[in-house]
Amino acid sequence: RNLVKELLHMVGVHHPQALVYPLTVASTSHPESNSTANLVLQQMRAHSETLVDQARLVSSELIRVSINWFESWLVSLETASHQFFKENDAEGMLATLGPLHDQLNDPGPVTQNEISFANMFGRSLEQAQERCKCYVKTGDRAFMHQAWEHYLRVFRLIQRQLPFLIKINLAYVSPSLLEVDSLDLAVPGTYQANVEVVRIKKFAPVLQVISSKQRPRKMTLEGDNGKEFTFLLKGHEDLRQDERVMQLFGLVNTLLAEGEYTGKLHLRITRYGAIPLSSNSGLIGWVPGCNTLHEIIRQLRKPDEFKIELDRQAEFCKGMYEKLNIIQKVEVFQHSIASTPGDEFARNLWLRSPNSEIWLERRSQFTRSIALMSMVGYVLGLGDRHPSNLMLEKATGKVLHIDFGDCFEVAALRENFPEKVPFRLTRMLTSAMEVSGIEGNFRTTAEWVMKLLRDNKESLMAVLEAFVYDPLINWRLVATEKEAGGEGGEGGEGEEVGEVEMEVDSVEGGAEVEMEVGVSVAKSVRQKRSGKWRWRLTRLKEGLRSRWRWVFLWLNR
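Last residue of the sequence shown: 557 in full-length UniProt numbering, with the numbers rising by one and none dropped.
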């Protein structure tokens with residue numbers, strides 16, 4: 001540990017811009033790494049005091065902008081209501097809302113946005129807190145129900161207001177950032193050794209709110225070179241794992257460039273900057289000219305009068321569907337397949353190409369990029385590949401993956417609805433490939449990429465094993481291990497999160513479990529890298545054949 005501290009100190013002397021962002025994040029995260037990060041930052045202050053202060057200012061203010069008080073209370077009240085009414089966990093509810101009450105009272109509102117919140121809801125939240133204190137003293141749950149009358153009123157008002165928030169004025173939420181002028185701090189994600197540093201000149205005065213579940217902000221800042229840099233400022237999401245995955249993709253790109261077949265085709269994983277600001281917020285580099293596959297499907301179905309609302313209406317039929325037997329479910333699935341063409345991506349590539357030559361090139365790039373990320377994602381154990389986590393580059397046809405929160409088979413090992421497929425290769429994707437489907441460019445590219453990964457397994461395993469022993473990865477794996485073992489009970493998501501936090505806090509008690517999980521993941525990765533996973537695939541196929549043969553015989557009778 002002392003050797004690592006000394007190395008960090010030496011890097012901080014010669015490349016302070018490379019360390020100041022990650023150290024600022026670490027200084028406010030887990031207590032174990034907190035002290036070490038603060039020590040290195042104190043050493044950096046001796047030669048880069050202004051830089052350290054500016055990094056703290058920018059980081060804290062961006063966190064303030066990423067999650068305002070309205071959104072924090074909305075999310076926390078939803079979590080607390082689940083804990084109190086569904087889990088019957090009053091103490092958990094108080095633990096969830098306690099820090100927000102403390103923040104409201106000390107240090108209190110600072111910006112105009114926070115002052116507005118305090119004026120609108122301060123009195124109601126104060127009354128609710130008083131009822132909670134009465135419950136703590138007496139144990140009478142009637143006080144808690146009285147508190148929830150106030151909480152529910154606040155929740156409903158915030159819920160009505162947030163959809164109308166489509167733009168944010170920086171002067172309203174963070175005047176300190178608006179006043180920034182010509183910092184010594186580098187633009188996030190741009191620093192490279194032996195390259196001229198691009199420093200932050202100023203922040204754009206208005207941020208656009210993206211209308212998605214987490215409501216991220218599209219933010220622009222200007223560098224001292226006159227160029228504008230656009231980022232997605234995300235709250236309620238940990239980007240530290242995305243940052244590490246991008247580092248792995250950097251190594252894979254180096255190997256692809258040196259490969260015989262992959263180098264000729266210029267295969268490359270499209271990466272983006274991931275800059276964590278805290279354990280639940282961060283910046284993502286904006287990739288221009290991209291659309292999510294979900295957005296492409298939505299746009300193409302509008303002219304055909306496919307109503308998105310049908311998905312919501314289908315929720316009413318969910319209960320009836322669950323009562324169907326397996327044969328009836330197969331019939332419903334086959335009817336759905338026969339009733340829809342599934343050619344949205346194929347049509348998108350054709351309609352957006354100015355001529356047949358460009359269309360052919362984009363189709364090839366589309367197929368190869370899917371094959372590339374299917375193999376790399378399989379080795380990484382990447383899950384949660386729904387259409388909103390896949391993006392299509394309009395100019396090239398390449399598929400770009402985002403959101404790497406579910407790595408190392410987290411999605412495959414969960415108890416509820418585990419993902420058993422190695423990668424996403426649905427009908428919509430294969431229909432956009434060439435006439436031979438997966439038997440052309442897809443298979444050739446996939447085989448060459450997997451061969452390349454196996455030929456360079458030592459380099460990749462060095463990076464992947466570093467992931468395994470990373471405290472953040474262990475945190476996620478322990479969560480999955482608990483869920484897979486059924487220890488989560490019936491409490492749902494909120495209870496599982498609470499158990500994970502307890503596991504993180506008890507570092508000594510969980511060290512042995514974390515090591516076992518880490519070793520199992522390393523073995524799993526080695527099997528995939530060496531080809532020993534084939535026996536599992538064979539057993540899976542045999543099991544499926546025996547299990548489903550009678551179903552298909554009945555359907556084809």
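Just so you know, even glycine gets a beta-carbon here, dropped at the ideal spot from N, CA and C.
Just so you know, these numbers come straight off a predicted model, no measurement behind them.
- Leu380 has its alpha-carbon roughly 20 Å from the corresponding atom of Glu415.
- Separation of Gly259 and Gly289 (C-alpha to C-alpha, rounded to the nearest whole angstrom) is 28 Å.
- A check of alpha carbon separations from Ser176 across Phe417, Gln54, Arg454, Met44 identifies Gln54 as the nearest.
- The beta-bridge partner set that DSSP reports for Thr292 consists of Met391.
- The C-beta of Ala193 has fewer than 16 other C-beta atoms within 10 Å across all chains shown, which makes the residue exposed.
- Around Leu8, the same chain offers Val40 as residues with beta carbons nearer than 6 Å, after the five sequence neighbours per side are excluded.
- The C-beta of Asn113 has 16 or more other C-beta atoms within 10 Å across all chains shown, which makes the residue buried.
- With respect to the C-alpha of Val25, the residue from His401, Gly377, Gln328, Ser279 having the closest C-alpha is Ser279.
- Under the DSSP assignment, Leu207 falls in the beta strand (DSSP E) whose first and last residues are 206 to 209.
- Sixteen is the threshold: when 16 or more other Cβ atoms of the shown chains lie within 10 Å of the Cβ of Ala411, as they do, the residue is buried.
- Around the beta-carbon of Val58, 16 or more other beta-carbon atoms lie within 10 Å, marking it buried.
- In the DSSP assignment, Ile370 falls within the alpha helix (DSSP H) that extends over 356 to 380.
- Looking at the backbone, the Cα of Leu293 and that of Ala18 are separated by about 34 Å.
- The three-state secondary structure of Arg160, taken from DSSP, is helix.
- In this structure, Ser66 keeps its C-beta atom at 8 Å or more from the C-beta atom of Gly285.
- Counting every other CB atom within 10 Å of its CB across the protein chains shown gives His150 a total of 16 or more, marking it as buried.
- About 7 Å separates the CB atoms of Phe117 and Pro109; that is less than 8 Å, so the two are in contact.
- Within a 10 Å sphere around the beta-carbon of Gly92 sit 16 or more other beta-carbons, which makes this residue buried.
- In this structure, Phe408 keeps its C-beta atom at 8 Å or more from the C-beta atom of Arg244.
- Ile337 and Asn389 have their C-alpha atoms roughly 23 Å apart.
- The criterion of a C-beta distance shorter than 8 Å is satisfied by Val399 and Met373.
- Here Pro276 is bridged, per DSSP, to Gly282.
- If you draw a straight line from the Cα of Gly12 to the Cα of Val20, it comes to about 8 Å.
- In the structure shown, Gly223 adopts extended strand secondary structure according to DSSP, grouped into three states.
- Shortest Cα-Cα distance from Gly263 to any of Trp69, Ala395, Leu452 involves Leu452.
- Note: Val399 is bridge-paired with Leu392 in the DSSP secondary-structure output.
- Closest option to Thr230, judged by alpha-carbon separation, among Ile200, Glu237, Gln214: Ile200.
- Below 8 Å, enough C-beta pairs join the region 423 to 437 and the region 363 to 373 to call them touching: three or more.
- Under DSSP, Asn169 takes part in a beta bridge, and its partners are Val206.
- Of the residues assessed, Gln247 falls on the exposed side of the cut-off, its CB having fewer than 16 other CB atoms within 10 angstroms.
- At least 8 Å separates the beta-carbon of Ala371 from that of Thr254.
- Leu97 and Val463 have their C-alpha atoms spaced approximately 39 Å apart.
- Looking at the DSSP output, Phe231 shares a beta bridge with Met219, Gly285.
- When DSSP reads this structure, Ala186 sits in a beta bridge with Arg199.
- In the structure shown, Thr111 adopts coil according to DSSP, grouped into three states.
- When the Cα atoms are used, Arg215 and Arg301 turn out to be separated by approximately 24 Å.
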